[in-house]
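Everything below concerns the one structure shown next.
Residue numbers (the numbering used here): 306 to 582.
Encoded structure:
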């Protein structure tokens, strides 16, 4: 079922739609910023694990009859820090640690969901995303996290780039590697928590990775890559919201679908221009 452009314009007059678009822009910028470092540091599986393990936080929120967001924030934060600590303190490969912890968390989450009786709308909304349901509190949390992430990453950009390219050299040059690593993981975990409300547990990793991967195809210069990642993240979020409104589709999947289409288009364009040259 589709709606016409006049209906879309009318829809934009509603406060919930305005909040959704504002949230999409903020989350798109946040996802592009953090996703740049996630892609370069090969942490996509880490964000994937945090996002899927967040099912435990969602289930706890529903069971305790509280806003799932308030359970997601502390849970993803603790989960991210604990996983990084385990990776540092064991001889196992990082992907093995992530798989073990992710599997355990998912098992706990599924068990907890079996105790949920009656209406499960809150649970389904967080699993699959519903950006139209975000409120002013979600917007404020996202804005504060975006400001905190920007200050942390951009004020230490040189050290962050060095840490990304060669952690050993960064350590020798006096960069507080562990502090920056844990600081980034905290920001990433919180970003996953706030983005889950928009795109859901199942798609949150794509929301972080696809814009950065698209930007990486377009430029290998770090500053340009960072800017492009933010632009792709924010603009594709707005486009996804428009597609969602025009065709009456779920907002979260629509945003990720648009991001996917942009990635494919850029990939094809790069390949064609390379062959021509």
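The C-beta atom is built at its ideal place from N, Cα and C for all residues, glycine as well.
Bear in mind the structure is a predicted one, so any value in this text is a computation, not a measurement.
For residue 389, the closest C-alpha among the options 341, 407, 375 is that of 407. In its chain, beyond the 5 residues on either side, 331, 334, 335 have a beta carbon closer than 7 Å to the beta carbon of residue 451. Ranked by Cα distance from residue 376, the first of 347, 460, 362, 392 is 362.
Residue range 320 to 345 is occupied by the alpha helix (DSSP H) that includes residue 340. Using a Cβ-Cβ distance cut-off of 8 Å, the stretch 498 to 505 and the stretch 431 to 447 are in contact, since at least three pairs of beta carbons, one from each stretch, lie closer than that value. Taking residue 411 as the centre and dropping the five residues before and after it, the same chain places the C-beta of 357, 358, 360 closer than 7 Å to its C-beta, in chain order. Leaving aside the five residues that flank residue 413 on each side, the residues in its chain whose CB is nearer than 7 Å to its CB run, in chain order, 361.
Take residue 533, set aside five residues on each side of it, and the residues of its chain with a beta-carbon closer than 7 Å to its own are 520, 523, 524, in chain order. With respect to the 8 Å criterion, residue 365 and residue 417 are classified as neighbours on the basis of their beta carbons. Excluding five sequence positions before and after residue 498, the CB atoms of its chain that fall closer than 6 Å to its own CB belong to 377, 378, 381, given in chain order.
Rounded to whole angstroms, the separation of the alpha carbons of residue 528 and residue 419 is 47 Å. One alpha carbon belongs to residue 491, the other to residue 580, and they sit about 42 Å apart.
In this structure, the alpha-carbon of residue 508 lies about 8 Å from that of residue 557.
In the structure shown, the three-state DSSP call for residue 506 is coil.
The shortest CA-to-CA distance from residue 440 to any of 400, 325, 394 is the one to 325.
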